[in-house]
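Quick notes on the structure that follows.
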Amino acid sequence: MQDLASGERAEARLLVAFVDLTGYAMQSARVGDDETAAVMDGWYERVGERVGAAGGRVVKFIGDASLIVFAAERADDGVAALLALKDEADAYFGGRGWPCRAQVKAHVGTCVAGAYGAAGDKRFDVIGRAVNEAAMLDSTGVALSVEAFRALSPATRKRFKKHTWPVTYIRVEDPHRFRRR
Numbered sequence: 001m002q003d004l005a006s007g008e009r010a011e012a013r014l015l016v017a018f019v020d021l022t023g024y025a026m027q028s029a030r031v032g033d034d035e036t037a038a039v040m041d042g043w044y045e046r047v048g049e050r051v052g053a054a055g056g057r058v059v060k061f062i063g064d065a066s067l068i069v070f071a072a073e074r075a076d077d078g079v080a081a082l083l084a085l086k087d088e089a090d091a092y093f094g095g096r097g098w099p100c101r102a103q104v105k106a107h108v109g110t111c112v113a114g115a116y117g118a119a120g121d122k123r124f125d126v127i128g129r130a131v132n133e134a135a136m137l138d139s140t141g142v143a144l145s146v147e148a149f150r151a152l153s154p155a156t157r158k159r160f161k162k163h164t165w166p167v168t169y170i171r172v173e174d175p176h177r178f179r180r181r
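For the sequence shown, the positions run 1 to 181 when my numbering is used.
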């Protein structure tokens, strides 16, 4: 993305994605904090490896959720990494007996990327409508906004089908359980 050594902020066109786990709150209440911490640290490492290898960046982890960005021109690489993460999450947590599944939501738009936070503790973040639009997508598996879908190559688009109200594109393998917000 950009060099943050200067602390500058800049507008960037990004594929913004949220990866969130279903069933995490109930599972974390069933097991000890040490087990939760160990399992989640292993998951965070997997997310970081997969995203970094595809040229993206993990902006932050928030409990069981991850905010991830890729340059918009690398949307195919980003979506491929997100699809792999979805499958990897389901296998990783299922293999530990955790009833958690990943939900992935992605949108392409302009954000302001850079260092934000308390004085002396600035960290990379992305802020803007595109982040909110990604967060508000409904998903029971993998969902893309129209803008994210349009950023993909024809070959990658074949992995998705149109879903209406609001228009999103869902992975062909995912069920049609959507709820209105």
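For each residue, glycine too, the CB sits at the ideal point set by N, CA and C.
Bear in mind that the values here come from a model prediction, so they are computed numbers and not experimental data.
Residue i versus residue j: straight-line alpha-carbon distance, rounded
i, j, result
"K122", "A115", "5 Å"
"D20", "A65", "4 Å"
"A89", "R101", "7 Å"
"G56", "R13", "13 Å"
"A71", "A54", "10 Å"
"A10", "G120", "20 Å"
"G52", "W98", "26 Å"
"R50", "R30", "28 Å"
"A80", "D34", "32 Å"
"D182", "I170", "No statement about residue 182 is possible, as the shown extent of the chain runs from 1 to 181 and does not include it."
"T156", "C111", "24 Å"
7 Å Cβ shell around residue i - same chain, five flanking residues per side excluded
i, result
"H107", "V16, A130, E133, A134, L137, S145, E147 and A148"
"V59", "L67, I68, V69, F124, D125 and V126"
"S182", "With the chain represented from 1 up to 181, any question about residue 182 goes unanswered, as that position is not in the structure."
Span of the beta strand (DSSP E) around residue i
i, result
"A151", "It is not in any beta strand (DSSP E) - A151 carries neither H nor E in the DSSP assignment."
"D20", "A10 to T22"
Opening and closing residue of the alpha helix (DSSP H) in which residue i lies
i, result
"V39", "D33 to A53"
"K190", "Here the chain has residues from 1 to 181 only, and residue 190 is not among them."
Local Cβ density within 10 Å of residue i, reported as buried at 16 or more and exposed below that
i, result
"S153", "exposed"
"Y44", "exposed"
"V142", "buried"
"K158", "exposed"
"V172", "exposed"
"G95", "exposed"
"G117", "exposed"
Contact set for residue i: own chain, Cβ-Cβ below 6 Å, skip 5 residues either direction
i, result
"K86", "A102, V104 and V142"
"F93", "C100"
"K161", "V172"
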